[in-house]
Amino acid sequence: MVVARLECANMNGTNRILKIVRIGCFLLLLCNLTGCLFQSPKILKTAASKAETIQPVYTPPNPNVKATPSTEEIITRTSTIAPILTPTLAITAAPQTDMKENCLTILPELPKDINLKGGIILENHGGADKNYLYDLETKTEKVISISQSDRFFRVSPDGKWYAYEDLQNKLVRVFSSDQKPIRIIGLENSWGVYDWLNNEILLIMGSPEGDTGSGDLAIPFIAINPFTNQRTTLEQNYPGINHMDWPGAGNTVYNPQLTMVVYYGNFNEGADRGAILWDMRKKKSIAKIPNTYNSGPPYSAPIWSPDGSKFIYTNDNDEVMLANDDGSVSQITYLNKDGFQFSPNFFSWSPDEEKIAFWLNNNNLKRESLAVLDLSTGEITDYCITAGYDPSRMVYDPAPEWSQDGNFLVMEANYLQEIGGSDVVIVDMSKNLAAKIEENFIPMGFLVGIQ
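Each step along the sequence shown adds one to the number in the numbering used here, with nothing skipped, and position 56 is 729.
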């Protein structure tokens, strides 16, 4: 109840005024006693009469930009005024790449309970005369070439065929996994074997006609079926092609089905440069991936999945990106949000396309080690097995090699900077162990059905 108090006794004036005042005092007193003449305004009861918590409106950050001070702080205030509350967005943390270490101790040899069949091709470093086939079942070696000029061994994805370049005689020699000759392919000057595109086609990389070393001409490829000897010269004159190449991969990177190609080119009337995804059947561009710095291929060469429906590459921030054949692109890793700490390179798809093995360069630790990315979870496992290639010598192609069943990886590991040399290490993914099988060779892939 509102209490009114008038100090009538202190009022001085005429009797009329005193009379009026007395009447006024009587009326006010009567009102206070009965409560029937006036209604006090009702006081609004709101949530503001208590301490309240308000979430800030938040836009998820760009993962490529260094994070600003935390937006997860709760803003708390005490208010006596009813606030107008606006809808808030749920705070979503920037994506992160989960990394874990699973450091394996490299055993001096494969345990006897590891029952493996097939073999691994071991290529010499150039200082030896012989190349070998390592028999995984008997743990013995067999010479498969005796010339120091036999180099660049390549194994087909199914492990049934292999090819290598005879540098001395300018030939490519193709064999079955049981060492039966399949085809001898003559090479023109400066041409050489590149890789198996699939289980039936070898890609032969050449030098551009009239090349002066300026790098402004497309690097030609010929697709050869060594079983039928059918040859196809692959087109190079794609719209806007820039002829700047990815080291070791040329200007054009084809999927295994020869239906799609990624090439480096100009677009937006020459204002931008980047990778262009081209549909070879429909003869049209599907997607354009800009190069932030607009100077040359900033990222690794695209690596197509076995089924040819997608490829991975690294962007300007050394993050792994996944591009689908419909042109959609997504970022897979978030390794360098706070600076360039990691550089992933030399990728290899698992046969089931669920994992990617690669070498992970930790710039802070000055270490490059075997890592596997699980595409279903985005998690990276670092096995702490250091790379075995000499960075000053090997610019490309020392990627870890998967077995056809996806249970094993083989790689050149433990490079010894002081004395040179390395180990051939095999990793059993299911039993979580690693073992040395040879030293000072480059493992080029798993073969099946050897004799």
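Where is the CB? At the ideal position from N, CA and C, for every residue including glycine.
Answer with buried or exposed for residue i, where buried requires no fewer than 16 other C-beta atoms within 10 angstroms of its C-beta.
{"i": "residue 1107", "result": "buried"}
{"i": "residue 847", "result": "buried"}
{"i": "residue 992", "result": "buried"}
{"i": "residue 942", "result": "exposed"}
{"i": "residue 1010", "result": "buried"}
{"i": "residue 1073", "result": "buried"}
{"i": "residue 999", "result": "exposed"}
{"i": "residue 1028", "result": "buried"}
{"i": "residue 806", "result": "buried"}
{"i": "residue 900", "result": "exposed"}
{"i": "residue 854", "result": "exposed"}
{"i": "residue 1017", "result": "buried"}
{"i": "residue 1120", "result": "buried"}
{"i": "residue 912", "result": "exposed"}
{"i": "residue 962", "result": "buried"}
{"i": "residue 1006", "result": "buried"}
{"i": "residue 1071", "result": "buried"}
Express the C-alpha separation of residue j and residue i in angstroms, rounding to a whole number.
{"i": "residue 1075", "j": "residue 834", "result": "15 Å"}
{"i": "residue 1014", "j": "residue 1035", "result": "6 Å"}
{"i": "residue 1012", "j": "residue 1004", "result": "17 Å"}
{"i": "residue 825", "j": "residue 858", "result": "14 Å"}
{"i": "residue 875", "j": "residue 850", "result": "16 Å"}
{"i": "residue 1116", "j": "residue 944", "result": "43 Å"}
{"i": "residue 1019", "j": "residue 984", "result": "13 Å"}
{"i": "residue 905", "j": "residue 837", "result": "20 Å"}
{"i": "residue 994", "j": "residue 1008", "result": "12 Å"}
{"i": "residue 997", "j": "residue 923", "result": "21 Å"}
{"i": "residue 873", "j": "residue 892", "result": "22 Å"}
{"i": "residue 1077", "j": "residue 808", "result": "15 Å"}
With DSSP collapsed to three states, give me the class of residue i.
{"i": "residue 836", "result": "strand"}
{"i": "residue 907", "result": "coil"}
{"i": "residue 912", "result": "coil"}
{"i": "residue 936", "result": "strand"}
{"i": "residue 874", "result": "coil"}
{"i": "residue 787", "result": "coil"}
{"i": "residue 772", "result": "strand"}
{"i": "residue 1088", "result": "coil"}
{"i": "residue 1052", "result": "coil"}
{"i": "residue 954", "result": "coil"}
{"i": "residue 1004", "result": "strand"}
Closer than 7 Å by C-beta to residue i: which residues in its own chain qualify, once you throw out the five before and the five after it? Chain order, please.
{"i": "residue 735", "result": "Summary for residue 735: the model assigns pLDDT 43, below 50, so the residue's position carries little reliability; its value from the coordinates is reported in the next sentence. Around residue 735: no qualifying Cβ."}
{"i": "residue 980", "result": "1026"}
{"i": "residue 787", "result": "1101"}
{"i": "residue 699", "result": "In this prediction, residue 699 has a pLDDT of 44, which is less than 50 and means its spatial position is unreliable; nothing more can be read from the coordinates."}
In the DSSP assignment, find the beta strand (DSSP E) that holds residue i and state where it starts and stops.
{"i": "residue 827", "result": "823-828"}
{"i": "residue 856", "result": "854-859"}
{"i": "residue 867", "result": "865-869"}
{"i": "residue 1032", "result": "1028-1035"}
{"i": "residue 1013", "result": "No beta strand (DSSP E) holds residue 1013; DSSP gives it neither H nor E."}
{"i": "residue 792", "result": "792-796"}
{"i": "residue 1115", "result": "1115-1120"}
{"i": "residue 1109", "result": "1106-1112"}
{"i": "residue 895", "result": "894-898"}
{"i": "residue 812", "result": "Taken as a continuous stretch (DSSP letters only), residue 812 belongs to no beta strand (DSSP E), as it is neither H nor E."}
{"i": "residue 997", "result": "993-997"}
{"i": "residue 782", "result": "Segment: none, residue 782 is in no beta strand (DSSP E) and carries neither H nor E."}
Given residue i, which residues of its chain have a CB within under 6 Å of its CB, disregarding the five upstream and five downstream residues?
{"i": "residue 1104", "result": "none"}
{"i": "residue 803", "result": "816, 819"}
Within its chain, find whatever has a CB closer than 8 Å to the CB of residue i; leave out the 5 residues flanking it on each side and keep chain order.
{"i": "residue 779", "result": "1058, 1086, 1087, 1096, 1098, 1107, 1108, 1109"}
{"i": "residue 784", "result": "1106, 1108"}
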